[in-house]
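Below is one structure; the comments refer to it alone.
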Amino acid sequence: MLVVRGTKKLRDRVKGPTIVDDDVSTGVLGDWFATAQFWRPQVALVVNARTFLPVFIPLAPAPKLLDRLPHEISRVLSLHGVDQATIDAEREQMTDVRLAPTNDRSVLGVMNEYAFLGEHFFEGDLTALSLRMAETPIGPLRSSHRFADRALAALVAER
Numbered sequence: 006m007l008v009v010r011g012t013k014k015l016r017d018r019v020k021g022p023t024i025v026d027d028d029v030s031t032g033v034l035g036d037w038f039a040t041a042q043f044w045r046p047q048v049a050l051v052v053n054a055r056t057f058l059p060v061f062i063p064l065a066p067a068p069k070l071l072d073r074l075p076h077e078i079s080r081v082l083s084l085h086g087v088d089q090a091t092i093d094a095e096r097e098q099m100t101d102v103r104l105a106p107t108n109d110r111s112v113l114g115v116m117n118e119y120a121f122l123g124e125h126f127f128e129g130d131l132t133a134l135s136l137r138m139a140e141t142p143i144g145p146l147r148s149s150h151r152f153a154d155r156a157l158a159a160l161v162a163e164r
């Protein structure tokens with residue numbers, strides 16, 4: 006199961022099954038947080054709770070965002086050099102995607118920083134923006150890996 010913890014502005018636009026009781030993400034990467042950015046075009050910013058890895062994807066069509074998310078996450082993981090076996094294992098855990106409210110202000114703070122920087126660095130390619138933002142120093146990672154791409158590499162290496 007993949008739990009997507011969306012901000013209210015995202016949950017107002019994206020409908021889907023919600024978590025029940027103590028549902029948790031079953032993949033190694035854990036929960037992903039998501040918000041809507043009203044750029045042109047509108048964008049969904051999705052950030053991993055464990056590594057702070059950002060994934061920028063088109064918001065439209067919003068009703069299908071939860072269906073598209075596993076593919077987009079897998080694609081960005083591949084571009085970061087994650088091996089196919091790990092991606093396949095993670096993807097297998099993403100067959101059931103559930104929506105939930107946010108619950109971690111640190112991740113929300115990182116999302117806000119990515120949104121601010123992303124708006125300035127966006128040149129039309131959301132994949133390139135995702136990769137560039139993963140190389141941005143992140144405050145909550147300052148005592149460990151500092152960068153989301155390095156945190157991802159370390160997490161995958163532990164596996």
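If you count the sequence shown from 1, you need to add 5 to reach this note's numbering.
C-beta: ideal position from N, C-alpha, C; glycine also.
From a predicted model like this one, the values you see are computed outputs, not experimental measurements.
- If you ignore the 5 residues before and after S83, its C-beta comes within less than 7 Å of the C-beta of I92, all in its own chain and listed in chain order.
- Inter-residue distance for V81 and K13 is about 25 Å (C-alpha atoms, whole angstroms).
- When secondary structure is reduced to three states using DSSP, V51 falls in the strand class.
- If you ignore the 5 residues before and after Q47, its C-beta comes within less than 7 Å of the C-beta of A41, L64 and A65, all in its own chain and listed in chain order.
- Cβ-Cβ separation between W44 and F127: approximately 7 Å, consistent with a contact (criterion under 8 Å).
- Looking at the backbone, the Cα of A67 and that of T56 are separated by about 25 Å.
- Going by DSSP, R137 is part of the alpha helix (DSSP H) stretching over L131 to M138.
- For L7, the closest alpha carbon among the candidates L160, R151, V29 and V51 is that of V29.
- In terms of Cα proximity to V115, the closest of V19, P59, L71 and S79 is P59.
- Counting only runs of 4 or more residues that sit fully inside the region 71 to 103, the alpha helix (DSSP H) segments are 89 to 97, in chain order.
- Per DSSP, the beta bridge partners of P106 are G11.
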